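Engineer: Protein chains in written order, with this note's numbering: chain H, 1 to 687; chain B, 1001 to 1127. Where is the CB? At the ideal position from N, CA and C, for every residue including glycine. Values in this document were obtained by computation on a predicted structure and should not be read as measured data.
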Amino acid sequence: MRRFDKTCLLACSACLAVPGLARAQSINYAALQETMGEPVTTSVTGKPQRASETPASVTIVTRDQIARSPARDVPGLLKTYAGVDVNRWTAGQSDVALRGGVQAYNARLLVLVNGRQVYLDHYGMTNWNLLGVQLEEIQQIELVRGPASALFGFNAASAVVNIITVGAIDQAMVSGAAELGTHGYDRLSAVVALPLADGVGLKLSAGQQRENERAIPAGLYQPPRAIDPRRKDVSGTLDAALDDRTRVTLEGTYARNRQLEFLPSQLITEQRFEAESAGVTLDHDTGWGSVSARGYINWLDAGYGVGLEANGAYSVGGLTSTEFHNRTAVAQGSALVRLGRDNAARLGVEYRNNRLSAETLFAPSIAYDLVAGSGMLEVHPSDRVALTVAARVDRLSLHENGAPVQPAASTAADYERSYTQLSFNAAALYDLSDGGQLRVNGGRGVQSPSLVAYGYRLPLNGFPVPFPVLLTGDPAIRPVPVWSVEAGYARAVGDALRLSATGFYTRTSGAIASPGTAPAFQLQTGAAPVLVARFANIGDYETYGVEIDAEGAIAPRLRWRANYTLTETDQGFSTAGDQGVSYPVAPEDTTPRYKANAALDYDGDRWFGSLVGRYTSASRQFAFTRTQQLVLGPVDDAVALDAKVGLRLSARLAVTLAGENLTVADSTAGSPIPADTRLRAGLGLSF
Amino acid sequence: MAITFEPGNALSEADAAALERAIGKGLSAGRATIRSKRVPVSSLGGLNGTRAVFVTSGLRQEQASIAAAASRLSVPTISADLDCVQAGRCVVGIRSTPRVEIIVNRAAARAANIRFGSAFLMLVKEI
C-alpha cells in the first residue's frame, strides 16, 4: 500500500493555485520548502533553486531551526556553520567573515534583507543591530559562500547573507517574544501579518533589545563611558497581488541603535546609528519567465565617537566625534527567461547613487554613481550535468560636491574618477551514479572602497611638526578583487545522513585598511604642505582550506549536525612592527585556523530545543592598551556550549530557557574583551 | 481535491484510503486548505467544483477518460503513478522518495489550459 506523506500532499497543493506557489512569480519560500522537502533560494543565480542543486556552497538556516536555536541574533545563528567566523567584539558589535579575513568592520560580506542591501556603504560594514528585522519574522537565512558580485554587485566579495522574511500575503500570522536575562538583557518583539483584502496583505513588525556591555579588561583602553548596547526597530510591508501574474510590494523600515564598537582603527568608541529605508518591488510572471523591477532608498545617520569631546578621553591625535549622513538610492531591473525545458538565463541592470555627507570629509559630500549590467546562463547538457556562468560589469564614477576643506591632501580633480570592474562566476555540477554530487565553481568578486576610504579627512593634533597633519581617505584607492575557486562533494543517504566536503582557495588583492598608530606619513609639498596618513591598499592575502559538513537523524525528532573547518591564511604584507602598527589588518593572525561545531536538535510535541558545542582555535586580535599602544594580543582557543530548551504550553504559547557560553570560555567571542555567560528566559506567542 | 478511484480495485481503493488518511479533515498549505472527496471513475461528473484531480494507481484503463473530464474543467490531474504523466494523461506526477521529484507534462497541461508560474516550473522537471 502506498503511503502519502505531507510532502507529497503539499506537492499536490502546488497545483491548487495556492497564492505565490504555482502561479504568481514571487517566491513563497515556506510553501516551496514544504513542497520540495528542502529550502529554496534565489540567492545564487537569481533563479529559484533547491538548496541541494545550487552551483555554490550554500547554507540555509530555516525558520524552525531559528526557533530552536540558542542564538539571540543573526550572527549567533550563523556562527555554528562551516567556514563562518563570528567575532563578537563587544556586546553589541559583531562581525561575520567567511573563509578568513577576520577584521573589525568586515567589508567583504554583503548582507541583504529580502534582496535589499542592509550593508552600510559609508564605512563598508554591517551593523547587525540595525537590520530592522525580528527573529520571529525570518523565514530563512541564506548564506552563500564565495564571491557573488556577478549577481549582487560590489561587496559580495567573499560571501552573501540574504535574510528572507515571511511574506505579508502568504499567510496570516501573529508572533511575538518577550525575553529577560542576565547582564541586563531584555528583548521584545512582535510581528503581525494580516490579509486586508483578497490578494492584499500587510505585515508590521517591531522590536527592541538591550543588554549590558561586557567588562573591558583593565589592561585595555577604557572608552570615555561604557554605554550598554540598545536597538529599536519597526518595519512594515504591504503586499498586493494585482492579478495572478503580478505582485507589488511596498516596504519601509526604521531602526536605531547605539553601542560600543571597535572601529577599523581598533579604537573603541561609542556609535549611534539611525537608519530608514523605503522601497517598492514589482514582479510579473510571463509565459517565458518573469520580470522584476525594484527601487529603494536607504538613509543612515551615524554618530561616531559620541561624547569624545565632552569626556576628552582620547588623546590619540585629538580625535573628535563625527556625524555621517549616507543616502543610497538603488534602481534594479531583471528578467529571468526559461530556455526550453531545463535551461534558464537572467539579464539585469542596476543604477545606484551613493552620497556621504559629513564635516570630516574632503568636501561637504563625497558621492558616486554606478551603472551595471549583468547576465547569467544555466544549461543542462545532460540529465546529470549543470553548467552555470554569470558575469556583471560595474562602472563607478566618483565625485565630490562643494568646496574642498582646507588644508587638503588631494585636489577636487582627484575625485573626478571612474573605473570599470568585471565580476563573474562559473560552476559545473555533476550528479554521480552513486547519488553523490560533484561541484566545481569559482569566480571573481569585488569589494568597493567605502565612501569613508575615499573621502575621510580628519586633522590630527599633537604632532611636533610645522605642518598640518591629516588622516585622510584616498580618491585613488583601488577596489579589491577577490578570486575564488572551490570543489565540493555532497551525498545524501536517505533522510538519515547527508555529507559534504569542500576545498576552497581565495585570493584577496590590495586589502584596504585605515591607518594605525604608526602609519607611513607622506609629506605633500606645495603651496600648503601637509603631512598625511591615508587609507590604503596594504597588500594581498590568500586563504585556503576545507569545510566538512555532516548531518542526520538519530530518531525522527532528534537530529544532529557537525562541521569542521580548516582555514590557512598566507599574508603577503606586514603591518605590525617594533615601531607600532601601520595598519591594523593582519588576517594571518586574526583568522582562527581550526573551527568545529556540533549540534543536537530536538522537536517533540511539547518539548523542543537544541544543544550546540563550538570549538575555535587561538588567534590574535588588535586592541589598544591602557597606554594607548595598538598591539596584537592573544585570544586563546575556546570550547563553548550553547543550549536552549522550550516547552509548548499550548499550540500558541511556549516558554524557553536559553544560555550562551555555558562553559564560561573567555575567548569564544574572538575578541580582546572576554566573553561571559549569558542566560535568558522567554515567552513566545505564535498563531 | 477529487480522488478518483475504482470501487473494487484493491490498488486504487488502497491509494484513495491512504490519501484520505493523510489529508484528514483538511491539510493546511499556506493560506489554502486541502480537502478531499472521493469520485468513482464511473461518475466523473462528480469532478465538478473541484480544484484538482488525484488519479489513484491501478486506473490505467480509465486514465484517458479522467484526463478528458479534468481537461474539460481545466483542473490538473495529479498522480503518484509516473507512467500516467509520461503517457500525457496526467499533468503532474509526484515522487517523494528518495527525494521529492515533481514532473509536469507540458502537453497535458496545455491541453487542459493549465498554466504554472515560471518559478514553480524552474523547480520541477518538465517533460
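Could you name the residues of the same chain whose beta carbon sits closer than 7 Å to that of L196(H), not counting the 5 residues immediately before and after it, in chain order?
Structural biologist: L202
Engineer: Taking 7 Å as the CB-CB cut-off, is H380(H) touching chain B?
Structural biologist: So, not an interface residue.
Engineer: Between D85(H), V530(H), S277(H), V639(H), which has its C-alpha nearest T663(H)'s C-alpha?
Structural biologist: V639(H)
Engineer: Counting only beta-carbon separations shorter than 7 Å, does S290(H) have a partner in chain B?
Structural biologist: yes
Engineer: Taking all protein chains shown into account, decide if S43(H) is buried (16 or more other Cβ within 10 angstroms of its Cβ) or exposed.
Structural biologist: buried
Engineer: Given A1010(B), which residues of its chain have a CB within under 6 Å of its CB, disregarding the five upstream and five downstream residues?
Structural biologist: none
Engineer: Measuring alpha carbon to alpha carbon, tell me which residue in A1109(B), A1070(B), I1103(B) is nearest R1051(B).
Structural biologist: A1070(B)
Engineer: Does any residue of chain B bring its CB to less than 7 Å from the CB of D285(H)?
Structural biologist: Contact of D285(H) with chain B is assigned, a C-beta pair being separated by under 7 Å.
Engineer: Counting only Cβ-Cβ distances shorter than 7 Å, please list the residues of the segment 344-374 of chain H near chain D, keeping chain order.
Structural biologist: Protein chains in the displayed structure are H and B, and chain D is not among them.
Engineer: Using a cut-off of 7 Å between C-beta atoms, extract the partners of M36(H) located in chain B.
Structural biologist: V1100, L1123
Engineer: Grouping DSSP H, G and I as helix and E and B as strand, with all else coil, what is A669(H)?
Structural biologist: helix
Engineer: Counting beta carbon pairs with one atom in the segment 362-369 of chain H and one in the segment 380-389 of chain H, are three or more of them shorter than 8 Å?
Structural biologist: no
Engineer: Tell me whether the segment 530-539 of chain H and the segment 451-466 of chain H touch, counting them as touching only if at least three CB pairs, one residue from each stretch, are closer than 8 Å.
Structural biologist: Judged by Cβ distances under 8 Å, the segment 530-539 of chain H makes contact with the segment 451-466 of chain H, as three or more pairs qualify.
Engineer: Which chain H residues sit within Cβ distance under 8 Å of S1071(B)?
Structural biologist: Going along chain H, no residue has its Cβ under 8 Å from S1071(B), so there is no contact; the nearest lies around 14 Å.
Engineer: Would you call G443(H) buried or exposed, if buried means 16 or more other Cβ atoms sit within 10 Å of its Cβ?
Structural biologist: When all chains shown are included, G443(H) counts as buried.
Engineer: In the DSSP output, which residue or residues are listed as bridge partners for R1072(B)?
Structural biologist: Its beta-bridge partners do not exist; DSSP assigns none.
Engineer: Which partner residues of A598(H) appear in the DSSP bridge assignment?
Structural biologist: A562(H), G613(H)
Engineer: My output table needs one value for T35(H): the three-state DSSP class, helix, strand or coil.
Structural biologist: Under the three-state reduction of DSSP, T35(H) is assigned to helix.
Engineer: What's the gap between the Cα of A313(H) and the Cα of A576(H)?
Structural biologist: Because A313(H) sits at a pLDDT of 49, beneath the cut-off of 50, its placement in the model cannot be relied upon, and the following sentence gives the value as read from the coordinates. Rounded to whole angstroms, A313(H) to A576(H) spans 25 Å at the Cα level.
Engineer: Is there a C-beta anywhere in chain B that falls below 7 Å from the one on P55(H)?
Structural biologist: no
Engineer: With the cut-off set at 7 Å, would you say F262(H) and V446(H) are in Cβ contact?
Structural biologist: No; because the gap between Cβ atoms is not below 7 Å, this pair is not in contact.
Engineer: Ordered along the chain, which non-local residues of its own chain (more than five positions away) have a Cβ less than 6 Å from that of E142(H)?
Structural biologist: T41, S43, I60, N162
Engineer: So the candidates are G176(H), A104(H), L130(H); which of them puts its Cα closest to the Cα of R256(H)?
Structural biologist: Closest by alpha carbon: L130(H).
Engineer: At which residue ranges does the segment 338-392 of chain H contain complete alpha helix (DSSP H) runs of 4 or more residues, listed in the order of the chain?
Structural biologist: none
Engineer: Return the Cβ separation of A596(H) and R561(H) in integer angstroms, given the expectation that the two are a contact with Cβ distance under 8 Å.
Structural biologist: A Cβ-Cβ separation of about 12 Å leaves A596(H) out of contact with R561(H) under the 8 Å criterion.
Engineer: Does V655(H) pass the burial test, meaning 16 or more other C-beta atoms within 10 Å, or should it be called exposed?
Structural biologist: So V655(H) counts as exposed.
Engineer: Mind pulling the chain H residues with CB within less than 7 Å of E1126(B)?
Structural biologist: R341
Engineer: Could you check if K79(H) is buried or exposed, using at least 16 other CB atoms within 10 Å of its CB as the buried criterion?
Structural biologist: K79(H) should be labelled buried.
Engineer: Measuring alpha carbon to alpha carbon, tell me which of A372(H), N401(H), A344(H), L319(H) ends up nearest R355(H).
Structural biologist: N401(H)
Engineer: With respect to the alpha helix (DSSP H) encompassing T165(H), which residues constitute its N-terminal and C-terminal limits?
Structural biologist: Premise fails: T165(H) lies in the beta strand (DSSP E), 159-165, not in any alpha helix (DSSP H).
Engineer: Report the neighbours of V40(H) on chain B: residues whose CB is nearer than 7 Å to its CB, in chain order.
Structural biologist: L1123
Engineer: According to DSSP, simplified to helix, strand and coil, what is Q49(H)?
Structural biologist: In the three-state reduction of the DSSP assignment, Q49(H) falls in the strand class.
Engineer: Who are the neighbours of P48(H) on chain B, taking C-beta pairs under 7 Å?
Structural biologist: A1119, M1122, L1123
Engineer: Check the Cβ of A32(H) against every Cβ in chain B and list those closer than 9 Å, keeping chain order.
Structural biologist: According to the sequence displayed, residue 32(H) carries Leu and not Ala. By Cβ distance, chain B contributes A1119, F1120, L1123.
Engineer: Apart from the five residues on each side of it in sequence, which residues of its chain come closer than 6 Å, Cβ to Cβ, to P519(H)?
Structural biologist: Taken in chain order, the residues that qualify are A533, S582.
Engineer: Between the C-alpha atoms of L361(H) and T269(H), what's the straight-line distance to the nearest angstrom?
Structural biologist: 19 Å
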